[in-house]
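2 protein chains.
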Amino acid sequence: MHKQTIQTSTNTYDVIVGEGLLTKIEQFLPNTYENILIITDDVVNDLYANKLADVLKSVKHVAVSTVPAGEESKSIEQYYHLLTEAINHRLDRKSLIIALGGGMVGDLAGFVAATYMRGIDFIQVPTTILAHDSSVGGKVAINHPKGKNLIGNFYPPVAVIYDVETLKSLPAKEIRSGYAEVVKHGLISDRSFFEEVLKADLTVPLQPEVTVSHLQQGIAVKAGIVQQDEKESNIRKFLNFGHTLGHAIESELGYGEITHGEAVAIGMLFAMRVSQEKFQIKLPYNELYDWLAANRYPTSIKWPSVNHLIDKMKLDKKSENAIVQMVLLKEIGIPSIINLNDHELHAHLENFIRELG
Amino acid sequence: MHKQTIQTSTNTYDVIVGEGLLTKIEQFLPNTYENILIITDDVVNDLYANKLADVLKSVKHVAVSTVPAGEESKSIEQYYHLLTEAINHRLDRKSLIIALGGGMVGDLAGFVAATYMRGIDFIQVPTTILAHDSSVGGKVAINHPKGKNLIGNFYPPVAVIYDVETLKSLPAKEIRSGYAEVVKHGLISDRSFFEEVLKADLTVPLQPEVTVSHLQQGIAVKAGIVQQDEKESNIRKFLNFGHTLGHAIESELGYGEITHGEAVAIGMLFAMRVSQEKFQIKLPYNELYDWLAANRYPTSIKWPSVNHLIDKMKLDKKSENAIVQMVLLKEIGIPSIINLNDHELHAHLENFIRELG
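Protein chains in written order, with my numbering: chain A, 44 to 400; chain B, 44 to 400.
Here you go:
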C-alpha cells in the first residue's frame with residue numbers, strides 16, 4: 044500500500060494505491076457518514092458495487108445508482124438523473140458520494156457531488172488505469188455535444204482509494220487507453236520513467252508490482268503539478284500534452300469510436316512531431332510509435348477533415364481568444380506551451396496525417 | 044456611489060451601489076475582456092440590455108442571451124441552453140458573463156459561469172431589491188422540482204455593480220419581495236436598522252436615498268457574515284432566517300404563485316413565533332405583522348398540508364440527517380440555530396397556521 048497526500052487550495056486528501064483496498068475501504072474514509080450513494084456504471088456495478096456496499100454495512104443508508112458504461116453517460120441527462128437519485132436517497136450536506144469506476148464515472152459523479160447542495164464530499168474509487176490520471180487533481184465535468192468536459196468544476200475529492208485488483212478485469216482496450224496517460228506522465232517529467240514505461244508489454248497480463256509502480260509514479264507527476272497550479276493558470280496545462288489534437292479526434296470521431304487514451308496517443312505523436320520541427324530537436328518519436336504499434340494502439344484512423352479538427356481545437360478550454368495552444372516538448376521532461384496560428388496548425392496537421400497514413 | 048470590498052477564500056470583489064452606474068460600467072470592470080455574454084430575462088432585456096451592450100462597445104464581442112422572466116427559468120433546461128449559448132458565442136476561459144437582472148438571473152447566470160469550462164468570470168448587475176441579497180455571497184444555483192437551489196456552487200462574482208436607477212421599473216410585488224430580505228437583515232443584526240426599515244412605506248414610490256441606505260446596510264450585514272463563513276458551516280446559516288418555512292411554502296405552492304420575499308415574510312413571522320415560545324421572550328411580532336399587512340404582503344395564504352411542508356423543510360439544504368434546523372432569534376440581532384423534531388415542528392406549524400388564518 045502506498046499513500047500520497049495532496050494539498051489543494053480548499054482541502055487535503057490522500058491517494059492510496061494498493062491491492063485489496065476495496066474490502067478495507069472503511070478504514071480510509073476521512074469522516075463518518077450516515078448516508079452514502081455509490082455511483083457506478085453497469086459494467087463495474089456487476090463486478091464490484093455489491094462488494095463495496097457490503098463492506099459499508101455499518102453505514103445507516105447505502106444506495107447504488109448506475110449509469111450505462113461509456114463516455115456517452117457524461118451527459119446533461121445522466122447528470123440530472125443522478126442529482127434526482129441523490130435527492131430521492133435523501134442525501135444531505137453531510138452525506139458522501141463514492142465514484143466507483145473509471146474516468147467517466149469519476150468525472151460525472153464528481154460533478155454531481157460538486158453541485159449537489161453546492162457541494163458534498165466525494166471519494167474516487169478508480170477501477171481503470173486511465174483513472175490514475177483523472178481521479179487526481181479535482182477536475183470534474185460532463186461533456187457537451189460541441190466539446191468534451193465543457194461543463195464542470197474544480198472540485199477535489201476527500202480521498203482517492205485505488206485498489207489495483209480491480210484492474211484485473213480490464214479489457215485490453217482500456218489498458219491501452221490508460222497507459223497512454225502513463226506514457227504522457229513520463230514524457231512531460233522524466234526520461235527514465237518514460238523509458239521504463241516503454242518496456243511494458245500490454246499484450247500480456249499486467250504484473251501487479253510493475254503496474255503499481257507505474258501508477259504511483261504517474262500520480263506523483265500529476266500531483267506535483269496540480270499542487271502548484273490547481274486551477275490551470277499555467278503549468279497544469281502541461282498535463283494537456285497530446286490532448287489538444289486528442290480531444291479533437293475523440294470529439295470528431297464520436298466518443299466511443301476511439302478511446303480517450305488511443306486518441307491522446309495519436310495526439311502525443313503529433314505534439315512530438317511539431318516539437319521536433321518547432322525546436323529543431325530530436326525526440327524518441329519512432330520509439331513511441333513502435334511501442335504504440337506493438338501494443339496495438341490504432342495509429343491509422345479515419346481522419347476527420349483538418350478544418351473540423353482545428354475548429355474543435357479552438358473550442359478546447361485551453362485555447363484563449365480562439366488561438367490554439369499546444370503543449371510541446373523542448374526535450375523529454377521539459378514541456379512548453381506554444382500558440383499556433385491556423386496556418387501553421389493546418390500545415391503541421393496535413394503533414395502529420397499524410398505521414399501517419 | 045458607495046463601495047464595499049468583499050473578501051472570499053478565492054478572490055476579492057467590490058460591491059458598488061449608486062445611481063446611473065449602468066452607463067459607466069466599463070470603469071468598474073476588474074479586467075479587460077474580449078468576449079462578453081450578457082445573460083438576462085425577457086423583461087429586463089427590453090429595459091436595459093441594449094443600453095448595457097451599447098456602453099460596452101469597445102469590447103470585441105458582446106452578445107445577449109435571454110431567458111423567460113420568472114423562477115421557472117432556474118431550470119436544468121435553461122441552464123443547458125445558456126451553456127450552449129456560451130459555446131456558440133465562443134466564450135473562452137478569459138471571457139466574462141454579466142448577469143443582468145434579479146435573483147433568478149444572478150443565480151442562473153452565475154451557475155453557468157461557475158461551470159462553463161470549469162468557471163469563468165462573472166459580474167452581477169442586479170436590477171431588483173431582492174438581488175441586494177442574492178448578488179452578494181457567491182451562492183449560485185438552479186432549482187430541482189423537488190427543491191429550490193438544490194443544484195449549484197459557491198462561486199463568487201468578480202464584481203457587483205448595483206445601479207439603483209434600475210429599481211424604478213420594479214413592480215410593487217417585487218419591491219415587497221426584496222424588502223423582506225432587508226427586514227431579515229435588520230432582524231438578524233440590529234434593532235435600530237430593523238426599526239428604520241419598518242418606517243418604509245412600500246405603497247408609494249421609493250425614495251432613492253432611503254433605498255440606497257437600506258440596501259447598503261443590508262449588503263453590509265450579509266457581507267459581514269459571508270466573509271466569516273463563506274461555505275455556510277455555521278453563522279452563514281443565520282441568513283436563512285425565515286427561509287426554512289419560506290422555501291417550503293414557495294416550493295409547495297409552486298414558484299411563481301408567491302414571491303420569494305413574500306414567502307420569507309411568512310417564514311419570518313413563523314420563526315419569531317417559535318422563538319418567542321422556545322426562548323420565552325417577547326419579539327416585535329405584531330409590529331412586523333402590521334407592517335407586512337400595511338404594505339400588502341399576503342399574510343393569509345392557501346396553506347399546503349403540514350406534512351408536506353415538513354417534508355420539504357427536511358429537503359432543505361440546511362437540514363442534516365433529516366432533522367430540520369431553524370434559525371431563531373434570542374433577541375433582535377442575536378440569531379441562533381436550533382434543531383426541531385417532527386413533533387415540535389408539527390405543533391408549532393399547526394398553531395401558527397391557525398393563528399394566521
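Quick reminder that beta carbons are idealized off the backbone N, C-alpha and C, glycines included.
Item                                                                                                                                                                                       : Value
Kindly list the residues whose CB is nearer than 7 Å to the CB of residue 389/B, restricted to its own chain and excluding five residues on each side of it in sequence; keep chain order. : 349 and 353
Check whether the Cβ atoms of residue 339/B and residue 254/B sit closer than 8 Å, and answer yes or no.                                                                                   : no
Does chain A have any CB closer than 8 Å to the CB of residue 283/B?                                                                                                                       : no
Closest to residue 86/A by C-alpha separation, out of 148/A, 328/A and 173/A, would be which residue?                                                                                      : 148/A
Return yes when the Cβ of residue 226/B is within less than 8 Å of the Cβ of residue 207/B, no when it is not.                                                                             : no
Do you know whose CA, among 123/A, 286/A, 320/A and 171/A, lies nearest residue 213/A's CA?                                                                                                : 171/A
I'd like to know if residue 395/B contacts chain A, where contact means its C-beta is closer than 8 Å to some C-beta of that chain.                                                        : no
For residue 256/B and residue 371/B, I'd like the C-alpha separation in whole angstroms.                                                                                                   : 26 Å
Check whether the segment 88-96 of chain A touches the segment 293-307 of chain A, taking contact to mean three or more Cβ pairs, one atom from each stretch, closer than 8 Å.             : no
Just to confirm, is the Cβ distance from residue 284/B to residue 231/B under 8 Å?                                                                                                         : yes
Starting from residue 206/B, trace the alpha helix (DSSP H) in both directions and tell me its first and last residue.                                                                     : Unbroken run through residue 206/B is the beta strand (DSSP E), 202-206; no alpha helix (DSSP H).
Give a yes or no on whether the minimum CB-CB distance between residue 350/B and chain A is below 8 Å.                                                                                     : no
Residue 173/A and residue 304/A - do their beta-carbons sit closer together than 8 Å?                                                                                                      : yes
Indicate the three-state DSSP secondary structure (helix, strand or coil) for residue 378/A in the structure shown.                                                                        : strand
Can you pull out the residues from the segment 49-62 of chain A whose beta carbon lies closer than 8 Å to at least one beta carbon of chain B?                                             : 52 and 53
Looking at C-beta atoms only, is the number of pairs between the segment 214-223 of chain A and the segment 58-72 of chain A that lie closer than 8 Å three or more?                       : no
Figure out for me which residue from 211/A, 56/A and 182/A has the closest Cα to the Cα of residue 63/A.                                                                                   : 211/A
Going by DSSP, what residue range makes up the beta strand (DSSP E) through residue 173/A?                                                                                                 : Residue 173/A -> no beta strand (DSSP E), and no H or E assigned at all.
Determine the DSSP secondary structure at residue 102/B, reduced to helix, strand or coil.                                                                                                 : coil
Using a Cβ cut-off of 8 Å (strictly closer), state whether residue 265/B contacts chain A.                                                                                                 : no
Does the segment 174-190 of chain B come close enough to the segment 153-166 of chain B that 3 or more CB-CB pairs lie under 8 Å?                                                          : yes
Kindly list, in the order they appear in chain A, the residues whose Cβ is closer than 9 Å to that of residue 197/B.                                                                       : 161 and 162
Which residues does DSSP pair with residue 83/A in a beta bridge?                                                                                                                          : 109/A and 143/A
Between which two residues does the alpha helix (DSSP H) containing residue 218/B stretch?                                                                                                 : 215-230
Write down every uninterrupted run of the alpha helix (DSSP H) in the segment 250-311 of chain B whose length is 4 residues or greater and which is fully enclosed by it, in chain order.  : 251-271 and 286-296
Taking residue 193/A as the reference, which of 316/B, 236/B and 131/B has the closest Cα?                                                                                                 : 131/B
Would you tell me roughly how many angstroms separate the C-alpha atoms of residue 387/B and residue 113/B, rounded to the nearest one?                                                    : 34 Å
Short check: CB of residue 306/A to CB of residue 289/A, under 8 Å?                                                                                                                        : yes
Do the segment 91-109 of chain B and the segment 44-58 of chain B make contact, defined as three or more Cβ pairs closer than 8 Å?                                                         : no
What does the Cβ neighbour count give for residue 84/B, buried or exposed, with the cut at 16 atoms within 10 Å?                                                                           : buried
Applying the criterion that 16 or more other CB atoms from any shown protein chain within 10 Å of the CB defines a buried residue, is residue 333/A buried or exposed?                     : exposed
From the DSSP secondary-structure annotation, give me the bridge partner or partners of residue 367/B.                                                                                     : 383/B
Which word fits residue 158/A, buried or exposed, when buried means at least 16 other C-beta atoms lie within 10 angstroms of its C-beta?                                                  : buried
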